[in-house]
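Peer 1:
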Amino acid sequence: MGIRERLSGNEAIAYAMKQIDPDVMGAFPITPSTEIPQYFSSYVDNGEVNTEFIAVESEHSALSTCIGAQAAGARAVSATSSCGLIYMAEMLYVAASNRLPITLAVSCRALSGPININNDHSDAMSVRDCGWLMLFAETNQEAYDNYLQAMRIGEAVGLPIMICQDGFITSHAIENIELVEDDKVKAFVGEYTPQHTLLKNPMAVGPYATPVYYIESKRQQAQAMIDAKRVVRAVADEFARMTGRQYDLLESYRMEDAERAIVIMGSSAGTAKQAVDELRELGEKVGLIKIRCFRPFPAEELAQALRNTLAFGVMDKADSFNAHCGPIYAETAAALYAQGVGAPKGISYIYGLGGRDVRVESIKRVFSDLEEISRTGETGETYRYLDVRE
Amino acid sequence: MSWQASEMTPEVTWREITPGCAIFEGGTSVAVETGDWRTKKPVLDWDKCRQCLLCAPVCPDMSIPVKDGKRGEFQYFFCKGCGICAEACPFHAITMVRDEK
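Chains as they are written, first to last, in my numbering: chain A, 51 to 440; chain B, 2 to 102.
#1: Under 8 Å, with one C-beta from each stretch per pair, do the stretch 404-411 of chain A and the stretch 344-359 of chain A reach the 3-pair mark?
#2: Would I341 of chain A and M315 of chain A qualify as a contact pair, given that the criterion is a beta-carbon distance under 7 Å?
#3: Quick one: grab the DSSP three-state call for I18 of chain B.
#4: For D37 of chain B, count the other beta carbons within 10 Å of its own beta carbon; 16 or more makes it buried, fewer makes it exposed. Which is it?
#5: Around the Cβ of G47 of chain B, are there at least 16 other Cβ atoms within 10 angstroms (buried) or fewer (exposed)?
#6: If contacts are defined as beta-carbon pairs under 8 Å, then L299 of chain A and V282 of chain A qualify, I think. What distance do you get, rounded to the angstrom?
#7: Need the endpoints of the alpha helix (DSSP H) that A349 of chain A sits in, please.
#8: Any beta carbon of chain B sitting closer than 7 Å to that of F125 of chain A?
#9: Buried or exposed for C86 of chain B, please, with buried defined as at least 16 other CB atoms from any protein chain shown within 10 angstroms of its CB.
#10: On the CB-based measure, 16 or more other CB atoms within 10 Å of its CB, does T40 of chain B come out buried or exposed?
#11: Please tell me whether Y520 of chain A and K335 of chain A are closer than 7 Å, where the distance is taken between their beta carbons.
#12: Could you tell me whether any Cβ in chain A is nearer than 7 Å to the Cβ of F25 of chain B?
#13: I'd like the list of long-range same chain contacts for A59 of chain B, defined as Cβ closer than 7 Å, with 5 residues on each side in sequence excluded.
#14: How many Å lie between M9 of chain B and A146 of chain A at the Cα?
#15: Based on the DSSP secondary-structure assignment, which residues constitute the bridge partners of M365 of chain A?
#16: Measure the Cβ-Cβ separation of A32 of chain B and S7 of chain B and say whether it is below 7 Å.
#17: Sorted by chain position, which residues of the same chain lie with C-beta nearer than 7 Å to F186 of chain A's C-beta, five sequence neighbours on each side aside?
#18: Below 8 Å, can you find three or more Cβ-Cβ pairs linking the stretch 128-145 of chain A to the stretch 79-91 of chain A?
#19: Secondary structure at K68 of chain A, three-state DSSP: helix, strand or coil?
#20: Could you tell me which residues DSSP puts in a beta bridge with K340 of chain A?
#21: Could you please tell me which residues of the stretch 260-289 of chain A, in chain order, have their CB closer than 7 Å to any CB of chain B?
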């Protein structure tokens, strides 16, 4: 049986880091992830961990620190948000293409402008193609649990991993949480024993590749992401045997016989589940699919989950500004098309930008739209902003 | 898997290439042909060469080997055909000629 606690999402991440005791942390503060290195630095100061805590002058350097450390054979971690994450963008690609399984905690926040410190997924979505594994949490418990699984996944496939949660909504809100005992965490995460490191034998990391080699290197990197789907599930199953908490690539909520569904990611899934429950009480056949693992994208699983619906809405807490849909919608539609699923009508909803509150009523309005679409067969505008003042 | 640099030829497949193209040994530039894209190559007239050795240090690669105080034949495996050696030679012993494949 685990340890009952009350922690904010940031505290939960810092506590997981303490239990894992990584070798190096590259740290630079930014709202709302600042508390993670802040809490962790007190563990360092108290001698509760053996981590080399390296405070640097920017996020670019924080991740560069991690890259150097991980290439040297260390387990390296960092945390960031918003413009800090996109300031890391250059090095995010370097970390992934050099196959360095760094772990980065992201407390998701809007990007400027207008300047805004509140939650949406603009930051994470803007770096979605950097080659990192990405898990998203609905609750503080999930943020903690995902973090404990992160290194096992990243190190197995040789890719870095982002553990994302919603800034302030889970990062600062205190919830009941069940922690795993220290010795169990240590045994579960294990030691990091890379085959090649800078400190073992002569080695060059990140060399130049001419056109004769570059695309073969990228194809190999793509395979690591493909292989990661199996690993994410295997690690989740092992985690479930330890804790009783089962995770998967996505979570289907009341999808049995559902005619209308929403696809959603992050903390708002909790609100949306309440909406689903209330509508189910009224006999409406509605359900929800929560994406936990965004990279690799669970394309086949999502298409299978949606194939028998009449209409679905994909909730994006970020806009692609492509004049037709949000990023998760685009990938969902591509997944359906690739699987030959063409019957369900799909709507792209942009919602919750810059911390706009998402209420049960908001989600019910989506289901109401979907009801009309499935009844009439008319989709109307497929690119919609939810709860924006007209 | 040995992942020797000598195995990373233009025929290497995506399954066999080293992750991130990392290199696991030193001095691998010796194995890499850098002279495969020149359009002109230097040719030495041995009768004009006085072995002054002004050519060897200006070569940006390692195309002019020097042994026991004397230069040897051009190492075309590395020569990119830049022509700096021909410019540096005070005796006009090096001529740049069109390289045919």
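The beta-carbon is built from N, C-alpha and C at its ideal position, and this holds for glycine as well.
Keep in mind the model is a prediction, meaning the values are calculated, not measured.
Peer 2: On the basis of the supplied data:
#1: Contact fails: fewer than three Cβ-Cβ distances are below 8 Å.
#2: Locating residue 341 of chain A in the first sequence gives position 291, where the first residue counts as 1. Locating residue 315 of chain A in the first sequence gives position 265, where the first residue counts as 1. In terms of Cβ geometry, I341 of chain A and M315 of chain A form a close pair [threshold 7 Å].
#3: Your numbering for residue 18 of chain B matches position 17 in the second sequence. I18 of chain B: coil per DSSP, three-state reduction.
#4: Position 36 of the second sequence, counting from 1, holds the residue named residue 37 of chain B. Its Cβ having fewer than 16 others within 10 Å, D37 of chain B is exposed.
#5: Against the second sequence, residue 47 of chain B aligns to sequence position 46. Checking the sequence, you will find Trp at residue 47 of chain B rather than Gly. When all chains shown are included, W47 of chain B counts as exposed.
#6: Residue mapping note: residue 299 of chain A aligns to position 249 of the first sequence, counting from 1. Residue mapping note: residue 282 of chain A aligns to position 232 of the first sequence, counting from 1. Contact flag correct, Cβ pair sits at about 6 Å.
#7: Residue mapping note: residue 349 of chain A aligns to position 299 of the first sequence, counting from 1. Start and end: 349-356.
#8: Within the first sequence, residue 125 of chain A is the residue found at index 75, counting from 1. Checking the sequence, you will find Arg at residue 125 of chain A rather than Phe. So, not an interface residue.
#9: Counting from 1 along the second sequence, the entry for residue 86 of chain B is found at position 85. Answer is buried; the Cβ neighbour count reaches 16.
#10: For the purposes of this step, residue 40 of chain B is taken as the residue at position 39 of the second sequence. Exposed: under 16 other Cβ atoms inside 10 Å.
#11: No answer is possible for residue 520 of chain A: it lies beyond the span of chain A, which begins at 51 and ends at 440.
#12: Position 24 of the second sequence, counted from the first residue, corresponds to residue 25 of chain B. It does: the Cβ of F25 of chain B has a partner Cβ on chain A nearer than 7 Å.
#13: To locate residue 59 of chain B, count along the second sequence from 1; it is residue 58. In the sequence as presented, Ala is not what sits at residue 59 of chain B; that position holds Val. The beta carbon of V59 of chain B is closer than 7 Å to those of I85, C86, A89 in its chain, skipping five residues each way along the sequence.
#14: Translated into the one-based positions of the second sequence, residue 9 of chain B becomes position 8. Translated into the one-based positions of the first sequence, residue 146 of chain A becomes position 96. Taking the straight line from one Cα to the other gives about 21 Å.
#15: Looking up residue 365 of chain A in the first sequence gives position 315. Under DSSP, M365 of chain A forms a beta bridge with A:Y399.
#16: Against the second sequence, residue 32 of chain B aligns to sequence position 31. Against the second sequence, residue 7 of chain B aligns to sequence position 6. Contact: yes.
#17: For this step, residue 186 of chain A is matched to residue 136 along the first sequence. Closer than 7 Å at the Cβ level, and outside the excluded window around F186 of chain A, lie C214, M315, G316, I341, R342, F344.
#18: Taking a cut-off of 8 Å on C-beta distances, the stretch 128-145 of chain A touches the stretch 79-91 of chain A, as three or more cross pairs fall below it.
#19: Here residue 68 of chain A refers to the residue found at position 18 of the first sequence. The three-state secondary structure of K68 of chain A, taken from DSSP, is helix.
#20: As a position in the first sequence, residue 340 of chain A is number 290, starting the count at 1. According to DSSP, which records beta bridges pairwise, K340 of chain A is partnered with A:E301, A:I314.
#21: Within the stretch 260-289 of chain A, the residues whose Cβ lies closer than 7 Å to some Cβ of chain B are V262, Y263, E266, S267, R269, Q270, listed in chain order.
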